[in-house]
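Colleague: Respectively, the protein sequence lines represent chains A and B.
If you use numbering that gives the first Met the number 0, the first sequence corresponds to residues 0 to 416, in order.
If you use numbering that gives the first Met the number 0, the second sequence corresponds to residues 0 to 416, in order.
We put the beta carbon where it would ideally sit given N, CA and C, even for glycine.
Questions regarding the structure given below will be posed in turn.
2 protein chains.
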Amino acid sequence: MQYSFASRTAAMLASPVRHIRENARRHSFISLAEELPAQELFPVKLLEEAAHDVFGSGPDALQYGEPEGYFPLRAWLAGEWEQRKGVRLPPGQILLTTGSQQAIDLIVRLMVDERDPVLVENPTSPGCLQVLSMQGAQVVPVESDEEGVIPDKLEALMIRYRPKLFFATPTFANPTGSLWSAARRQEILDLCRHHQVLVVEDDSYGELHFKQKNESPDKSPHGQSRKFAEAYPSLFALDHAGQGGQVLYIGSFNKTIAPGLRTGWAAGPAPLIEGMYALKQLADMQSSTMNQRLLFQLLTRSRFQWHEHLAMLNKEYSTRLQLILELLKRPFWKDVTYHIPSGGMYVWVRLPDGLDSALLLKAALPKGVAFMPGALCAVGSEGASHIRLNFSHPGREQLLMGMNLIGETISEFTARS
Amino acid sequence: MQYSFASRTAAMLASPVRHIRENARRHSFISLAEELPAQELFPVKLLEEAAHDVFGSGPDALQYGEPEGYFPLRAWLAGEWEQRKGVRLPPGQILLTTGSQQAIDLIVRLMVDERDPVLVENPTSPGCLQVLSMQGAQVVPVESDEEGVIPDKLEALMIRYRPKLFFATPTFANPTGSLWSAARRQEILDLCRHHQVLVVEDDSYGELHFKQKNESPDKSPHGQSRKFAEAYPSLFALDHAGQGGQVLYIGSFNKTIAPGLRTGWAAGPAPLIEGMYALKQLADMQSSTMNQRLLFQLLTRSRFQWHEHLAMLNKEYSTRLQLILELLKRPFWKDVTYHIPSGGMYVWVRLPDGLDSALLLKAALPKGVAFMPGALCAVGSEGASHIRLNFSHPGREQLLMGMNLIGETISEFTARS
Numbered sequence: 000m001q002y003s004f005a006s007r008t009a010a011m012l013a014s015p016v017r018h019i020r021e022n023a024r025r026h027s028f029i030s031l032a033e034e035l036p037a038q039e040l041f042p043v044k045l046l047e048e049a050a051h052d053v054f055g056s057g058p059d060a061l062q063y064g065e066p067e068g069y070f071p072l073r074a075w076l077a078g079e080w081e082q083r084k085g086v087r088l089p090p091g092q093i094l095l096t097t098g099s100q101q102a103i104d105l106i107v108r109l110m111v112d113e114r115d116p117v118l119v120e121n122p123t124s125p126g127c128l129q130v131l132s133m134q135g136a137q138v139v140p141v142e143s144d145e146e147g148v149i150p151d152k153l154e155a156l157m158i159r160y161r162p163k164l165f166f167a168t169p170t171f172a173n174p175t176g177s178l179w180s181a182a183r184r185q186e187i188l189d190l191c192r193h194h195q196v197l198v199v200e201d202d203s204y205g206e207l208h209f210k211q212k213n214e215s216p217d218k219s220p221h222g223q224s225r226k227f228a229e230a231y232p233s234l235f236a237l238d239h240a241g242q243g244g245q246v247l248y249i250g251s252f253n254k255t256i257a258p259g260l261r262t263g264w265a266a267g268p269a270p271l272i273e274g275m276y277a278l279k280q281l282a283d284m285q286s287s288t289m290n291q292r293l294l295f296q297l298l299t300r301s302r303f304q305w306h307e308h309l310a311m312l313n314k315e316y317s318t319r320l321q322l323i324l325e326l327l328k329r330p331f332w333k334d335v336t337y338h339i340p341s342g343g344m345y346v347w348v349r350l351p352d353g354l355d356s357a358l359l360l361k362a363a364l365p366k367g368v369a370f371m372p373g374a375l376c377a378v379g380s381e382g383a384s385h386i387r388l389n390f391s392h393p394g395r396e397q398l399l400m401g402m403n404l405i406g407e408t409i410s411e412f413t414a415r416s
Numbered sequence: 000m001q002y003s004f005a006s007r008t009a010a011m012l013a014s015p016v017r018h019i020r021e022n023a024r025r026h027s028f029i030s031l032a033e034e035l036p037a038q039e040l041f042p043v044k045l046l047e048e049a050a051h052d053v054f055g056s057g058p059d060a061l062q063y064g065e066p067e068g069y070f071p072l073r074a075w076l077a078g079e080w081e082q083r084k085g086v087r088l089p090p091g092q093i094l095l096t097t098g099s100q101q102a103i104d105l106i107v108r109l110m111v112d113e114r115d116p117v118l119v120e121n122p123t124s125p126g127c128l129q130v131l132s133m134q135g136a137q138v139v140p141v142e143s144d145e146e147g148v149i150p151d152k153l154e155a156l157m158i159r160y161r162p163k164l165f166f167a168t169p170t171f172a173n174p175t176g177s178l179w180s181a182a183r184r185q186e187i188l189d190l191c192r193h194h195q196v197l198v199v200e201d202d203s204y205g206e207l208h209f210k211q212k213n214e215s216p217d218k219s220p221h222g223q224s225r226k227f228a229e230a231y232p233s234l235f236a237l238d239h240a241g242q243g244g245q246v247l248y249i250g251s252f253n254k255t256i257a258p259g260l261r262t263g264w265a266a267g268p269a270p271l272i273e274g275m276y277a278l279k280q281l282a283d284m285q286s287s288t289m290n291q292r293l294l295f296q297l298l299t300r301s302r303f304q305w306h307e308h309l310a311m312l313n314k315e316y317s318t319r320l321q322l323i324l325e326l327l328k329r330p331f332w333k334d335v336t337y338h339i340p341s342g343g344m345y346v347w348v349r350l351p352d353g354l355d356s357a358l359l360l361k362a363a364l365p366k367g368v369a370f371m372p373g374a375l376c377a378v379g380s381e382g383a384s385h386i387r388l389n390f391s392h393p394g395r396e397q398l399l400m401g402m403n404l405i406g407e408t409i410s411e412f413t414a415r416s
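Structure below.
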């Protein structure tokens, strides 16, 4: 029979991401398109021990639990915020989700009606743009400079569109890896407060900050992480952990511990968390209590050291970033431009003039390599001229070969013109 | 600040379910309102062993996996269908979800635009009604008799509304526990085919069938289950596992193995599974590969016996059903009516004339007991006169005390009138 889909699904169904992913399953295929952490750094052994303890505690861990998420894990998150970022956050204002993607979907379903204008730091994550398009939002891109979103531009758009929401990723945005300055953070928060626009702050990559060159080498992992949080406070922390009512914060363990645990969270003003909680029940009842208990066991009752783990991850990712930056200096890549990120998992590369990233992808796939075409990460024309390269997942050899193959493809295009 | 929610969220936020659940956390509280399986029957020990093996296999199990779900588990499901229900189903036409609730949410988001008419077997699960209301569907209830949905009524509504979807639960509906006759199943499927209406068949409770009195006692668990599938084929099986394109089938391990694994599935025509797959990625990227591997390990590489497990579950639930039926014979309950289900987890009870289930709940909560008020499970006035009682979760003592407390509350109302 013929099926008639809802009106807004058409664009979504045409996404090329599935095509990339199906290619990526071929054994020899190299994908720099994914949003994958390095699996060789997962704490597998400690999780196995944690699983032993969780299952050993009886069947409760396998039953439905609190739909808002396992309370001790929410309390742990609140404690972590207080200790490391100096802000108090009641566990009741935290909702555990399957990841940041689900948190984005829930807040958008909660607040956005068809044709509602929503401001978006541009470029932004493909997942965020898909959710907004599915909900029928009018997506309004906001321009940035090297310090972050540009206040004047943001304010003009707020006045013009009176949006309900502004999506921002001040710390290591997907795809750009950009980091807003401290001054800019406060300025933007003040503007949002003045114009009564809720900020949705996606901090999924916020823990992946690499050591600065001028940083003292003897700092402890905990000290490093605290220092970073002081230098670049999240908008949520500036808003006193949501007490100002201005920021909904989104975080995740999927990039820092392991995606298989499917655990992220939203934190913020009580009415929003309540609403997302109600929506989460209709979306999937609740996330896995079992997985949340596993995480809690790992974080608090095992030899696992959270801050040491982050420091290890960041050291390794920093090395991988150095490698991809080295590769970007090779001749194939001479006509591209990019900013060097100091955290996250991606480099956002501007292609040589006139080269379209979708066409480039089409030529690269048969060579056995993929990247994320910029159009999926951006509103407007900027996307077509950019590609997103992931450096966290591919091993050294893969990165080397993948970058060669993409570079070669670029040179084939530029040689022609 | 003031938050302005999307227009359709208001009704959802007023749901009394959270209130019931918060009460249920009080230690001495007895809830017959929940949709919980019996946790003392979870295969905890075998899952612990499976976890040991899964984590031991390396970090792959903790990485993002296939968004449509772990292939071997989908292939296992396909094999199970072929072996037990005699129908072939390509694993590519199965999407693993977090549970049946997510499958319902995805198909509704995929197909339903605001004000689209959707036919619903009435009463139906609270979760299904919430999803439809959130999507802005025009929910049209369809009446049933003791054999299932009434063909004439269904056809008249199909002609009048030309709906895209019809939600049905032919086997042990939540809340009624009703079971459609074999003839009625074919008749309804033929009607849907004739009028080109897609059936969404929620079979979440379909494995929970209790032994019939006339059944031969020496039948093996596998034989029992096969015999049941022959006597009461799912609409999906009658439609040749979706090859007819007429049925989207929804199933779940959450009620039969453990909800903490958060694994259910949708199976059906390729265009629908493709669309739900795309939507699932924007909803939460994917369900947990780790949990899916755990299940696969349990089902195929451990001492766990799936059909023996189901037989054990059904024997125990059948005993619990007998108990609640005994309790319903007590004097407090003399003015209620109900059908005796032969499977599932609920009894749907019609209250004495004039007694409103929401008022009854209000009076019952302070006594430390809850049930599901019928209005959450039904469209129209039928809900107010009914309550749903869960018999799978409470232990013997709890069921006894809970039923006494509810009965006492009923008698306080009826004594007054």
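#1: Kindly identify the DSSP beta-bridge partner or partners of Trp347(B).
#2: Between Pro169(B) and chain A, is there a C-beta pair that is closer than 8 Å?
#3: Cα separation between Gly243(B) and Met0(A)?
#4: Identify every run of the alpha helix (DSSP H) within the region 266-345 of chain B, keeping only runs that are complete inside it and at least 4 residues long; order them along the chain.
#5: For Leu153(A) versus Ile187(A), is the C-beta distance shorter than 8 Å?
#6: Touch check for the region 35-45 of chain B and the region 266-273 of chain B: three-plus C-beta pairs under 8 Å?
#7: How many angstroms separate the CA atom of Lys314(B) from the CA atom of Leu95(B)?
#8: List, in order along the chain, the chain B residues whose C-beta lies closer than 9 Å to that of Met157(A)?
#9: Do we get a CB-CB distance below 8 Å when we pair Ala60(A) with the residues of chain B?
#10: Do Thr288(A) and Gly259(B) have their C-beta atoms closer together than 8 Å?
#11: Among the residues of its own chain, which have a CB less than 7 Å from the CB of His421(A), if the five just before and after it don't count?
#12: Between Glu33(B) and Leu61(A), what straight-line distance do the alpha-carbon atoms span, to the nearest angstrom?
#13: By Cβ distance below 6 Å, which residues in the same chain neighbour His194(B) in space, the five residues on each side in sequence not counted?
#14: CB-CB under 8 Å to Arg349(B), same chain, minus the five flanking residues each way: which ones, in chain order?
#15: Just list the beta strand (DSSP E) runs in the region 111-162 of chain A, keeping only unbroken ones of 3 residues or longer that don't cross its boundaries, in chain order.
#16: Quick check: Asp202(A) and Thr170(A), are their CB atoms within less than 8 Å of each other?
#17: Buried or exposed for Thr318(B), please, with buried defined as at least 16 other CB atoms from any protein chain shown within 10 angstroms of its CB.
#18: Would you report the Cα separation of Arg73(A) and Glu81(A), rounded to the nearest angstrom?
#19: So is Glu39(B) in contact with chain A if we call contact Cβ pairs under 8 Å?
#20: If you pair each beta-carbon of the region 109-118 of chain B with each one of the region 280-298 of chain B, do three or more pairs fall below 8 Å?
#21: Is Gly274(A) close to chain B, meaning its C-beta is less than 8 Å from at least one C-beta of that chain?
#22: In angstroms, rounded to a whole number, what distance separates the CA positions of Pro162(A) and Pro393(B)?
#23: In the DSSP assignment, what are the bridge partners of Thr96(A)?
#24: Is the Cβ of Glu327(A) closer than 8 Å to any Cβ of chain B?
#25: Taking the alpha-carbon positions, what's the Ala363(A) to Gly55(A) distance?
#26: Along chain B, which residues have their Cβ under 7 Å away from the Cβ of Leu399(A)?
#27: Let me see if you follow: with CB-CB separation under 8 Å, is Tyr69(A) close to chain B or not?
#28: Would you list, in chain order, the members of the region 216-250 of chain A that have their beta-carbon closer than 9 Å to a beta-carbon of chain B?
#29: Beta-carbon within less than 6 Å of Pro66(B)'s beta-carbon, same chain only, minus the 5 sequence neighbours each way: which residues are those?
#30: Here's a check: name, in chain order, each residue in its chain whose Cβ is nearer than 8 Å to the Cβ of Glu411(B), leaving out the five neighbours to either side.
#31: Please list, in chain order, all residues of the same chain as Pro36(B) whose beta carbon is under 6 Å from its beta carbon, the five residues on each side excluded.
#32: How far does the beta strand (DSSP E) with Leu354(B) in it extend, from its first residue to its last?
#33: Can you say whether Asp151(A) is buried or exposed, counting buried as having 16 or more other CB atoms within 10 angstroms of its CB?
#34: Take Gln134(A) as the anchor and find which of Ala5(A), Asp52(A) and Gly379(A) has the nearest alpha-carbon.
#35: How is the alpha helix (DSSP H) around Ala77(A) delimited, first residue to last?
#36: Flag this pair as yes or no: are the beta carbons of Gly147(B) and Ser180(B) separated by less than 8 Å?
Modeller: The answer reads as follows:
#1: Arg387(B)
#2: no
#3: 8 Å
#4: 269-283, 288-299 and 305-326
#5: yes
#6: no
#7: So the two alpha carbons sit approximately 28 Å from each other.
#8: Neighbours of Met157(A) on chain B: none; closest Cβ ~14 Å, over 9 Å.
#9: At least one chain B Cβ lies under 8 Å of Ala60(A).
#10: For Thr288(A) and Gly259(B), yes; Cβs fall inside 8 Å.
#11: Summary: the structure shown does not reach residue 421(A), with chain A confined to residues 0 through 416, and so no result is reported for it.
#12: 16 Å
#13: Met157
#14: Val335, Thr336, Tyr337, Ser384 and His385
#15: Taken in chain order, the whole beta strand (DSSP E) runs of length 3 or more contained in the region 111-162 of chain A are 116-120 and 137-141.
#16: yes
#17: exposed
#18: 13 Å
#19: yes
#20: Look at the beta carbons and you see the region 109-118 of chain B not touching the region 280-298 of chain B: under three pairs across the two are nearer than 8 Å.
#21: yes
#22: For Pro162(A) and Pro393(B), the distance between alpha carbons rounds to 48 Å.
#23: Gly263(A)
#24: Reading off the sequence, residue 327(A) comes out as Leu, not Glu. No, Leu327(A) lies away from the interface with chain B (no Cβ there is under 8 Å from its Cβ).
#25: 50 Å
#26: Near Leu399(A) there are no residues of chain B at all, since even the closest Cβ is about 21 Å away, more than 7 Å.
#27: no
#28: Residues passing the 9 Å Cβ filter: Gly243, Gly244 and Gln245.
#29: Gln280 and Gln285
#30: Ala362
#31: Lys254 and Ser391
#32: Unbroken run through Leu354(B): none, as it is neither H nor E.
#33: exposed
#34: Ala5(A)
#35: Annotation for Ala77(A): the continuous alpha helix (DSSP H) segment containing it runs Phe70 to Lys84.
#36: yes
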